[in-house]
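Protein chains in written order, with this note's numbering: chain R, 15 to 123; chain C, 105 to 220. Beneath this line is the structure, given in structure tokens, with notes to follow.
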């Protein structure tokens with residue numbers, strides 16, 4: 015099974031906030047990442063957080079990290095139709111990336 | 105700046121046939137990765153090159169998969185013979201140095217392989 019787990023689907027209304035959750039297993043992960051994949055395209059790095067941080071904000075994106083619970087979340091404020099995509103959580107273990115199965119985010123008008 | 109180039113975009117073959125994928129990383133990027141992404145799953149690392157040397161191929165099914173990066177620039181990934189379970193998108197990525205320095209990975213659009 016996956017070492018990184020995510021819920022598979024999220025539907026959100028345009029203008030609302032989206033929250034995508036992820037749990038990981040390896041407490042020695044140094045960095046945790048969020049990637050975005052649009053249809054027919056490769057993965058694009060959205061943001062990352064170092065394991066000694068609790069929160070990172072980058073424009074509409076907020077990453078929260080709970081190391082105790084090994085829980086990572088990505089909040090997208092003011093979600094737009096262009097945010098419809100698959101979002102992958104990934105952890106870096108011994109300099110290798112381990113990806114979750116991805117959360118498909120659908121933005122409805 | 106040109107991105108990571110991959111070809112072909114799509115490939116359909118019958119089981120037991122051979123297939124090859126090509127990747128040209130971003131100019132100057134030392135590290136090149138091949139990932140396999142099965143439908144509904146996250147990408148799984150197959151092999152990682154640093155220049156023309158293999159850094160990690162622990163997840164590469166070596167009985168049927170091979171990869172090379174002879175001149176430390178572009179790379180080919182081959183499957184011979186293909187099985188039905190090899191149907192997936194094969195993604196190539198590159199980075200300036202590598203994840204050890206938290207370098208950003210740039211992904212190509214992938215080659216979608218269907219094995220019938």
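Note that the Cβ used here is the ideal one computed from N, Cα and C, for glycine as well.
I believe residue i touches residue j by the beta-carbon criterion, under 8 Å. Please report the beta-carbon distance rounded to the nearest angstrom.
i, j, result
"residue 115 of chain R", "residue 20 of chain R", "6 Å"
"residue 125 of chain C", "residue 140 of chain C", "Not quite, the Cβ-Cβ distance comes to about 11 Å (not below 8 Å), so this is no contact."
"residue 188 of chain C", "residue 119 of chain C", "6 Å"
"residue 33 of chain R", "residue 89 of chain R", "5 Å"
"residue 215 of chain C", "residue 147 of chain C", "That belief does not hold up - the Cβ atoms of residue 215 of chain C and residue 147 of chain C are roughly 13 Å apart, past 8 Å."
"residue 37 of chain R", "residue 84 of chain R", "6 Å"
"residue 93 of chain R", "residue 40 of chain R", "Actually they are not in contact, since the Cβ atoms of residue 93 of chain R and residue 40 of chain R sit about 30 Å apart, beyond 8 Å."
"residue 95 of chain R", "residue 75 of chain R", "Going by Cβ atoms, the distance from residue 95 of chain R to residue 75 of chain R rounds to 17 Å, so no, they are not a contact pair."
So what does residue i bridge to, in DSSP terms?
i, result
"residue 141 of chain C", "C:193"
"residue 46 of chain R", "R:63 and R:105"
"residue 108 of chain C", "For residue 108 of chain C, which the question treats as bridged, DSSP gives no partner whatsoever."
"residue 19 of chain R", "R:37"
"residue 160 of chain C", "C:152"
"residue 118 of chain C", "In the DSSP output, where bridge partners are listed per residue, residue 118 of chain C has none listed."
"residue 182 of chain C", "C:124 and C:170"
"residue 177 of chain C", "Answer is none; residue 177 of chain C lacks a bridge partner."
"residue 131 of chain C", "In DSSP, residue 131 of chain C forms no bridge with anything."
"residue 89 of chain R", "R:33 and R:76"
"residue 111 of chain R", "R:106"
"residue 117 of chain R", "R:101"
"residue 217 of chain C", "C:115 and C:192"
"residue 51 of chain R", "R:57 and R:100"
Taking 8 Å as the threshold (C-beta atoms), are residue j and residue i in contact?
i, j, result
"residue 210 of chain C", "residue 151 of chain C", "no"
"residue 154 of chain C", "residue 171 of chain C", "no"
"residue 185 of chain C", "residue 173 of chain C", "no"
"residue 97 of chain R", "residue 121 of chain R", "yes"
"residue 123 of chain C", "residue 217 of chain C", "yes"
"residue 54 of chain R", "residue 212 of chain C", "no"
"residue 178 of chain C", "residue 219 of chain C", "no"
"residue 87 of chain R", "residue 35 of chain R", "yes"
"residue 28 of chain R", "residue 123 of chain R", "yes"
Which residues in the same chain have their Cβ closer than 6 Å to the Cβ of residue i, if we skip the five residues on either side of it in sequence?
i, result
"residue 15 of chain R", "For residue 15 of chain R, the pLDDT reaches just 41, beneath the cut-off of 50, and the residue's location in the model is therefore unreliable, although a value from the coordinates is still provided. For residue 15 of chain R, where only same-chain residues beyond five positions count, there are no Cβ hits under 6 Å."
"residue 58 of chain R", "50"
"residue 23 of chain R", "118"
"residue 63 of chain R", "46, 70, 77 and 79"
"residue 121 of chain C", "186"
"residue 164 of chain C", "150 and 151"
"residue 182 of chain C", "124 and 170"
Residues in its own chain within less than 8 Å of residue i by CB, not counting five upstream and five downstream?
i, result
"residue 175 of chain C", "156"
"residue 171 of chain R", "Shown here, chain R extends from 15 to 123; a query on residue 171 of chain R therefore has no answer."
Any beta carbon from chain D within less than 8 Å of residue i's own beta carbon?
i, result
"residue 55 of chain R", "Note that chain D does not occur in the displayed structure, where the protein chains are R and C."
For residue i, I'd like the list of residues in its chain whose CB is within less than 7 Å of its CB, leaving aside the five on either flank, ordered along the chain.
i, result
"residue 25 of chain R", "120 and 122"
**OP:** Indicate whether the contact test is met: 3 or more Cβ pairs, each with one atom in the stretch 37–46 of chain R and one in the stretch 102–110 of chain R, closer than 8 Å.
**Re:** Yes, the stretch 37–46 of chain R touches the stretch 102–110 of chain R.
Subject >> Touch test, the stretch 189–198 of chain C against the stretch 134–154 of chain C, Cβ-Cβ under 8 Å, three pairs minimum >> reply: Judged by Cβ distances under 8 Å, the stretch 189–198 of chain C makes contact with the stretch 134–154 of chain C, as three or more pairs qualify.
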